[in-house]
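What follows is a short report on a single structure.
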Amino acid sequence: MGDRVFQADLPELPDLDNLFAPVGVICQAQELAAQAFGAEQTWFLANGSTCGIEAAILAVCNPGDKIILPRNVHQSAIAALILSGAVPVFMQPDYDPSWDIAHSVSLATVAATLEQHSDAKAVMVVCPTYYGVCGNLEAIAQLVHHYQIPLLVDEAHGAHLAFHPDLPPSALASGADLTVQSTHKTLGAMTQSAMVHVQGDRIDRDRLQRSLQLVQSTSPSFVLLASLDAARHQMAMQGRDLLSQTLALADIARTQLSQISGISVLEPTHLKGFLGAAYLDRTRLTVNVTQLGLTGFEADEILHKTLGITAELPSLRHITFIISIGNTPQDIGHLIQGFKALSQSLLRQQLSDDSNEIRAVSDEISDAKRFSYPAFLNASTPIAQSLILPREAFFAPSEMVAMTQAVDRISAELVCPYPPGIPVLVPGEPITTEAIAYLQHVLDTGGVITGCVDATLSTLKVVKAC
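One point on numbering: in our numbering, the residue at position 229 of the sequence shown is 358, and numbering is uninterrupted.
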């Protein structure tokens, strides 16, 4: 773009409209976006899906109101609980222990939770997940509407779904009342730009508008806003063709990666038996590398530093890639060749090593398998309910204690590996031995922990005992 990007970095001039009271070009652009994405009304966001999630919860919950949501929500939903004073009722997502992946929530789980908490003001779900897995959103929407409350969807990773019939159905097409999409994640908008879409009469749109003003800058970037309009235009005019090419590339990658020794790719067949996993977005490639004797963090580092291949999401057992409308056949070829080189190099090394070293590799794989998601994502373990509300814990007097002394104390901070940004410790919840062990293992294997005051995890911030 050269210096044109700086020439376009303008304040709220008369011809450029006002994001918080749009009557001109921003108003027109949002109306066109609503048409393209299948909404009744759309708001542009210059502070990412984070502010959209926060505004959505602020729009439906007063302090003390219950909201039902899965425990694997993004950290922005926890921030919204702190801002709003809402009471979280957490649901257990479907969890696949063999892949160490938390899916969406099942219809049965939503039904049981609503029956027990019929006074909830809203239900929020994550669909699709970071791994591209979608639950049965249409059935969930019908159930939620039976209770006369809105369904909110964190659809940050699904902005592209509405533009091709071979992708999972979008949240709006499935009946959601409000959905938040990171247009920058899977479409052509610039980083930090996103959209909120609304349909029906279950969302107070005036309150949503006022909530958005609370969590967005009063000086939004017009470069970001223009990129949202450009991304909308591209998808409205070329979306199906672009996504057809993208799906074809993703299918080539999936087929050829599946033939490489030592790795496996998450397929729709792996979702069978999980009621919270009705669809898989084929543009997401999740590659399990534990048979190579590596964690996902280690594989990601090798691929990035030595082969020039950068994953979207590394984790303990696998790495996830997004195939987007910007990728080329050359990109896919490079990805496949990179995994072939990684596999051949490590398998040759294992064959040439002596028996002690081979046993060490085997032990490393077993160690990676032992450290799965903490207990809150294990369906056989009840979710630890907050001892105090997230908002109360955030503002309560706190102290730093050694990590070894933090077990059974109440967390005063939000701590999560990032990405994917799913909190392991939430303000107000008790700190468990399993959670600390998981976070420590993520650090030891090359992961990044955010949200905590002490990035080394030597100490944790806890609510002061009375």
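Cβ atoms here follow ideal geometry from the backbone N, Cα and C, with glycine treated the same way.
Which residues in the same chain have their Cβ closer than 7 angstroms to the Cβ of residue i, if we skip the five residues on either side of it in sequence?
{"i": "A407", "result": "C263, G264, N265"}
{"i": "G153", "result": "D146"}
{"i": "G167", "result": "A291, S299, L301, A302"}
{"i": "L161", "result": "R361"}
{"i": "F403", "result": "D223, D225, H232"}
{"i": "S340", "result": "A184, L187, A188"}
{"i": "P458", "result": "L378"}
{"i": "Q363", "result": "G317"}
Ends of the beta strand (DSSP E) at residue i?
{"i": "S346", "result": "Neither: S346 is in no beta strand (DSSP E) and is coded neither H nor E."}
{"i": "P226", "result": "No beta strand (DSSP E) holds P226; DSSP gives it neither H nor E."}
{"i": "A323", "result": "323 to 327"}
{"i": "T415", "result": "413 to 417"}
{"i": "F292", "result": "That residue, F292, is in no beta strand (DSSP E); it is neither H nor E in DSSP."}
{"i": "K590", "result": "588 to 592"}
{"i": "E528", "result": "527 to 531"}
{"i": "A251", "result": "251 to 255"}
{"i": "I451", "result": "447 to 451"}
The alpha helix (DSSP H) with residue i in it runs from where to where?
{"i": "H362", "result": "351 to 386"}
{"i": "H399", "result": "That residue, H399, is in no alpha helix (DSSP H); it is neither H nor E in DSSP."}
{"i": "K195", "result": "Note, K195: premise wrong, no alpha helix (DSSP H); beta strand (DSSP E) at 195 to 199."}
{"i": "L281", "result": "Unbroken run through L281 is the beta strand (DSSP E), 280 to 283; no alpha helix (DSSP H)."}
{"i": "H433", "result": "425 to 436"}
{"i": "E521", "result": "519 to 524"}
{"i": "Y596", "result": "Residue numbering for the chain in the displayed model covers 130 to 595; residue 596 lies beyond these limits and cannot be assessed."}
{"i": "G181", "result": "177 to 189"}
{"i": "R133", "result": "133 to 136"}
{"i": "I551", "result": "Element bounds for I551: n/a, residue is neither H nor E."}
Using a Cβ-Cβ cut-off of 6 angstroms (strictly less than) and excluding sequence neighbours within five positions of residue i, which residues of its own chain qualify?
{"i": "P192", "result": "G214"}
{"i": "T574", "result": "T424, F426"}
{"i": "L357", "result": "F173, T312, A318, S322"}
{"i": "I494", "result": "In this prediction, I494 has a pLDDT of 39, which is less than 50 and means its spatial position is unreliable; nothing more can be read from the coordinates."}
When we look at the beta-carbon of residue i and count the other beta-carbons within 10 Å, is it buried (16 or more) or exposed?
{"i": "Q159", "result": "buried"}
{"i": "P294", "result": "exposed"}
{"i": "Q345", "result": "buried"}
{"i": "C595", "result": "exposed"}
{"i": "M324", "result": "buried"}
{"i": "A531", "result": "exposed"}
{"i": "L480", "result": "Since pLDDT at L480 reaches only 49, below the 50 mark, its modelled position is unreliable, and the value read off the structure follows with that caveat. Flag for L480 reads exposed."}
{"i": "E528", "result": "exposed"}
{"i": "D254", "result": "A small fix is needed here, since residue 254 is Val in this sequence, not Asp. Burial call: buried."}
{"i": "H313", "result": "buried"}
{"i": "L442", "result": "buried"}
{"i": "S444", "result": "buried"}
{"i": "R200", "result": "buried"}
{"i": "P140", "result": "exposed"}
{"i": "A241", "result": "exposed"}
{"i": "Q221", "result": "buried"}
Indicate, with yes or no, if the ligand GTP has a heavy atom lying under 6 angstroms from the CB of residue i.
{"i": "D144", "result": "Among the components modelled here there is no ligand, and therefore nothing to report on the ligand GTP."}
Identify the residues that DSSP records as bridge partners of residue i: which are they?
{"i": "Q310", "result": "M324"}
{"i": "Q608", "result": "Because the chain is modelled from 130 through 595, residue 608 falls outside the range shown and cannot be assessed."}
{"i": "L461", "result": "Residue 461 is actually Ile in this sequence, not Leu. Beta-bridge pairing links I461 to no other residue."}
{"i": "C581", "result": "C581 is not bridged to any residue."}
{"i": "S540", "result": "V591"}
{"i": "L316", "result": "L316 is not bridged to any residue."}
Enumerate in chain order the residues of its own chain whose CB-to-CB distance from residue i is below 8 angstroms, with the five nearest sequence positions on each side excluded.
{"i": "D138", "result": "S350, F351, V352"}
{"i": "I431", "result": "L423, L471"}
Inset, instruction - Examine the Cβ distances between the stretch 530 to 549 and the stretch 568 to 578 and report whether three or more of them are shorter than 8 angstroms. - result: Segments in contact, yes.
Inset, instruction - Check whether the stretch 212 to 229 touches the stretch 362 to 374, taking contact to mean three or more Cβ pairs, one atom from each stretch, closer than 8 angstroms. - result: When C-beta atoms of the stretch 212 to 229 are compared with those of the stretch 362 to 374, fewer than three pairs fall below 8 angstroms, so the two segments do not count as touching.
Legend entry - Meets three-Cβ-pair contact criterion under 8 angstroms: the stretch 134 to 149 and the stretch 302 to 313: These segments do not touch.
Inset, instruction - Please determine if the stretch 249 to 256 and the stretch 192 to 205 are in contact, where contact requires at least 3 C-beta pairs separated by less than 8 angstroms. - result: As far as the Cβ criterion goes, the stretch 249 to 256 touches the stretch 192 to 205, which means the pair count is three or higher.
Legend entry - Segment contact flag, the stretch 583 to 592 with the stretch 228 to 237, C-beta cutoff 8 angstroms, min 3 pairs: No: fewer than three Cβ pairs fall under 8 angstroms.
Inset, instruction - Take every Cβ of the stretch 158 to 178, pair it with every Cβ of the stretch 322 to 336, and state whether three or more of those distances are shorter than 8 angstroms. - result: Between the stretch 158 to 178 and the stretch 322 to 336, the count of C-beta pairs closer than 8 angstroms reaches three or more; the two stretches touch.
Legend entry - At least three beta-carbon pairs within less than 8 angstroms, the stretch 552 to 562 to the stretch 515 to 527: The stretch 552 to 562 is in contact with the stretch 515 to 527.
Inset, instruction - Inspect the CB distances between the stretch 447 to 458 and the stretch 376 to 395 and report whether three or more fall short of 8 angstroms. - result: Using a C-beta cut-off of 8 angstroms, the stretch 447 to 458 makes contact with the stretch 376 to 395, since at least three inter-stretch Cβ pairs fall below that distance.
Inset, instruction - Report yes or no: do the stretch 178 to 186 and the stretch 205 to 213 share at least 3 C-beta pairs separated by less than 8 angstroms? - result: Three or more Cβ pairs drawn from the stretch 178 to 186 and the stretch 205 to 213 lie within less than 8 angstroms of each other, which places the two stretches in contact.
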